[in-house]
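**Q** Okay, here's the structure, questions in a sec.
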Amino acid sequence: MASANGIQRGCGVFGPRTHAPFGPDSPPWPRGKSRTSSERRGRVLRYALRRAVWLVPTLLIVTFLVYVALRLGTDPVASYRRTNIRVSKKKLDQYIATNGLYTGAFGYIRGYFAWLWGFITLDWPRSIKGSRDVWPHLKDALANSLRLGLIATVTGIIIGNLLGIAAALRPGRLRDTVVNSGALVGLAVPPFVSALLLQLLFAVYWQKWFGYALFPVSGVYPAGHQGFNLFLMLKHMALPVVVVSIQSIAVYSRYMRASLLDVLNSEYMRTARSKGISERRVLVHHALRNALIPVTTLAFLDVGSVVGGLIITEGLFEYPGMGRFFLVAYGNGDFPELMPWMVIIIGSVVVFNLLADIAYARLDPRIRLA
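Under the numbering used here, the first residue of the sequence shown carries the number 2, and numbering increases by one thereafter.
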């Protein structure tokens, strides 16, 4: 029979132990946990680096396909001739060379790399309409869209998650029914319908009832305004933000509700409750922490697509962002403006997809990393 001292040192009745027990000769648990966490971080870092290496070929392939599609769909040379009727042959040849609009068997490949080199070296061609520099206008449009999109997305994430949590804590009750019904309505109503309704209510009819429009329905500032004014900017952004937030709130409320209900009904949550842990601690330290993992990855994907997802809203409100920039450029067949726009949209989607994968791998230890 094994002695008590033998059992303490790992020679148990049922054979030798596979791990060292706690005791004076054993390392404390936090040290092992720290080592495991450090190994996990190292694996996540290697995983992120491997995924990042694939970003370059992915961007090259996708931008090449977009380049070919735009050349086939818009015919940049014909668009340039329509806009500049009296253009000389020298100017036309210069436009073709600058944008890489070569013809022939390898014209698309040669043209793509000619355009890519100019894009990387910031030697961008001027736009067809007005022969203006593309970057200053694209930069302003990007800044306006980021302000609008990020405010709307953050608002949707916060309100949607709070509503989803409230619904999941009372499943089948009145609160849950109201949140679910409201989310379905928010998802079912198209953005252009909610935009038109808000414009009618707060501009047209408000003007008729009270003699002034409560919120503007176009632009970032009033016509002729100079300089920065936070109040005026937020007032002009109010209605577009509401339109974009409606669907974000609907999506996140349903997503958070489903995720939290799945966690609350899991086996380990019942085990935590059986150990006498308070319901508040179970919710905050166990349920929410796990339920937020898929919601966090969804938020990364949402932020990545926010710049390119405002075309309808910006068009309806004549908001000078990336969506409005695209509509004008596409209407003019303006290849020099369309390609940089596409690169920014594609780049943001690809990068934030990578960040979403890394975040999921970092937050969820159950994910196996090769």
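We treat Cβ as the ideally placed atom computed from N, Cα and C, and that holds for glycine.
Using three-state DSSP, classify Gly157 as helix, strand or coil.
**A** Position 156 of the sequence shown, counted from the start, is the residue given in the question as residue 157. Gly157: helix per DSSP, three-state reduction.
**Q** Pull up the CB-CB distance for Val218 and Ala204, whole angstroms please, since I reckon it's below 8 Å.
**A** The residue you call residue 218 lines up with position 217 of the sequence shown. The residue you call residue 204 lines up with position 203 of the sequence shown. Correct: roughly 5 Å between the Cβ atoms.
**Q** What is the DSSP secondary structure of Asn333, reduced to helix, strand or coil?
**A** Here residue 333 corresponds to residue number 332 of the sequence shown, with the count starting at 1. Reduced to three states, the DSSP call for Asn333 is helix.
**Q** If you drop the 5 nearest sequence neighbours on each side, which residues of the same chain put their C-beta closer than 8 Å to that of Arg133?
**A** In the sequence shown, the residue the question calls residue 133 occupies position 132. Here the set comprises Arg127.
**Q** Using the three-state DSSP reduction, which class does Ala292 fall into: helix, strand or coil?
**A** Residue 292 sits at position 291 when you count from the first residue of the sequence shown. DSSP places Ala292 in helix when its eight states are reduced to three.
**Q** Return yes when the Cβ of Tyr253 is within less than 8 Å of the Cβ of Gly309, no when it is not.
**A** Within the sequence shown, residue 309 is the residue found at index 308, counting from 1. Within the sequence shown, residue 253 is the residue found at index 252, counting from 1. No. Outside cutoff.
**Q** Rounded to a whole number of angstroms, what is the C-alpha to C-alpha distance between His286 and Leu233?
**A** Along the sequence shown, read from residue 1 onward, the residue named residue 286 stands at position 285. Along the sequence shown, read from residue 1 onward, the residue named residue 233 stands at position 232. For His286 and Leu233, the distance between alpha carbons rounds to 42 Å.
**Q** Straight-line CA distance for Ala273 to Tyr48?
**A** Walking along the sequence shown from the start, residue 273 turns up at place 272. Walking along the sequence shown from the start, residue 48 turns up at place 47. Taking the straight line joining both Cα atoms gives about 32 Å.
**Q** Does the distance from the C-beta atom of Val78 to that of Ile62 stay below 8 Å?
**A** In the sequence shown, counting from the first residue as 1, residue 78 sits at position 77. In the sequence shown, counting from the first residue as 1, residue 62 sits at position 61. No; because the gap between Cβ atoms is not below 8 Å, this pair is not in contact.
**Q** Just verifying my parser: in three-state terms, what is the DSSP assignment at Tyr320?
**A** Residue numbering aside, residue 320 sits at position 319 when the sequence shown is read from its first letter. Residue state, collapsed to three classes: coil.
**Q** Excluding five sequence neighbours on each side, which residues of the same chain lie with their C-beta closer than 7 Å to the C-beta of Ala153?
**A** The sequence position of residue 153 within the sequence shown is 152, counting from 1. If we look at Ala153 and ignore the five residues flanking it on each side, its Cβ neighbours are Val242, Val245, Ser246, Ser249.
**Q** How would you label Phe326, buried or exposed, when you count the other beta carbons within 10 angstroms and need 16 or more for buried?
**A** Mapped onto the sequence shown, residue 326 falls at position 325. With 16 or more other Cβ atoms within 10 Å, it is buried.
**Q** How long is the line joining the alpha carbons of Leu215 and Val350, rounded to whole angstroms?
**A** Residue numbering aside, residue 215 sits at position 214 when the sequence shown is read from its first letter. Residue numbering aside, residue 350 sits at position 349 when the sequence shown is read from its first letter. Computed Cα separation, rounded: 35 Å.
**Q** Cutting at 7 Å between CB atoms, please list the residues of its own chain near Leu299, excluding the five before and the five after it.
**A** Numbered from its first residue, the sequence shown carries residue 299 at position 298. Same-chain partners within the cutoff: Tyr256.
**Q** Do you know how far the Cα of Arg111 is from the Cα of Thr1?
**A** Because the chain here runs from 2 to 371, residue 1 falls outside it and cannot be looked at.
**Q** Kindly indicate which residue of Asn354, Asp335, Met343, Phe353 has the alpha-carbon position closest to the one of Ser1.
**A** Residue 1 falls outside the range modelled here, since the chain spans only 2 to 371, and no answer is possible.
**Q** Going along the chain, which unbroken runs of the alpha helix (DSSP H) with 4 or more residues stay wholly within the region 179-259?
**A** DSSP runs (the alpha helix (DSSP H)) wholly in the region 179-259: 192-200, 207-211.
**Q** One question on the structure: do Arg258 and Ala169 come within less than 8 Å of each other, judged by their Cβ atoms?
**A** Translated into positions along the sequence shown, residue 258 becomes position 257. Translated into positions along the sequence shown, residue 169 becomes position 168. For Arg258 and Ala169, yes; Cβs fall inside 8 Å.
**Q** Taking Ala196 and Gly322 to be in contact with their CB atoms under 8 Å, please state how far apart those CB atoms are, rounded to whole angstroms.
**A** One-based indexing of the sequence shown puts residue 196 at position 195. One-based indexing of the sequence shown puts residue 322 at position 321. About 14 Å separates the Cβ atoms of Ala196 and Gly322, ruling out a contact at the 8 Å cut-off.
**Q** Is Ile103 helix, strand or coil when you go by DSSP?
**A** Along the sequence shown, one-based indexing puts residue 103 at 102. Sequence check: residue 103 is Tyr here, not Ile. Tyr103 falls in the coil class under three-state DSSP.
**Q** Between which two residues does the alpha helix (DSSP H) containing Leu73 stretch?
**A** As a first step, residue 73 must be located in the sequence shown, where it is residue number 72. Start and end: 56-75.
**Q** Going by the beta-carbon positions, is the gap between His237 and Tyr222 smaller than 8 Å?
**A** On the sequence shown, position 236 is the one that residue 237 refers to. On the sequence shown, position 221 is the one that residue 222 refers to. Yes, the pair counts as a contact, with Cβ atoms nearer than the cut-off.
**Q** Tell me whether Ser306 sits in a helix, a strand or coil according to DSSP, three-state version.
**A** For this step, residue 306 is matched to residue 305 along the sequence shown. Coil, per DSSP.
**Q** Just the C-alpha distance for Tyr103 and Ala115, rounded to the nearest angstrom, thanks.
**A** By 1-based counting over the sequence shown, the position of residue 103 is 102. By 1-based counting over the sequence shown, the position of residue 115 is 114. Going by the C-alpha atoms only, they are around 10 Å apart.
**Q** Are the CB atoms of Ile129 and Pro337 nearer to each other than 8 Å?
**A** As a position in the sequence shown, residue 129 is number 128, starting the count at 1. As a position in the sequence shown, residue 337 is number 336, starting the count at 1. Yes, they are a contact pair.
**Q** Thinking C-alpha only, which one of Leu317, Ile313, Thr99 is nearest Thr122?
**A** Against the sequence shown, residue 122 aligns to sequence position 121. Considering only alpha carbons, the answer is Thr99.
**Q** Considering only the alpha carbon of each residue, which of Arg290, Val352, Ser182, Asn181 lies closest to Asp303?
**A** Residue 303 sits at position 302 when you count from the first residue of the sequence shown. For Asp303, the nearest C-alpha among the options comes from Val352.
**Q** Beta carbon of Tyr331, beta carbon of Asn145: below 8 Å?
**A** What you label residue 331 is simply residue 330 of the sequence shown in a count that begins at 1. What you label residue 145 is simply residue 144 of the sequence shown in a count that begins at 1. For Tyr331 and Asn145, no; Cβs fall outside 8 Å.
**Q** Measure how close the beta-carbons of Ala288 and Val307 come, nearest whole angstrom, since I'm counting them as under 8 Å.
**A** Mapped onto the sequence shown, residue 288 falls at position 287. Mapped onto the sequence shown, residue 307 falls at position 306. No, Ala288 and Val307 are not in contact; Cβ-Cβ is about 28 Å, not under 8 Å.
**Q** Return the chain-ordered list of same chain residues with a C-beta closer than 6 Å to the C-beta of Arg171, the five sequence neighbours on each side being excluded.
**A** Against the sequence shown, residue 171 aligns to sequence position 170. Closer than 6 Å at the Cβ level, and outside the excluded window around Arg171, lie Asp177.
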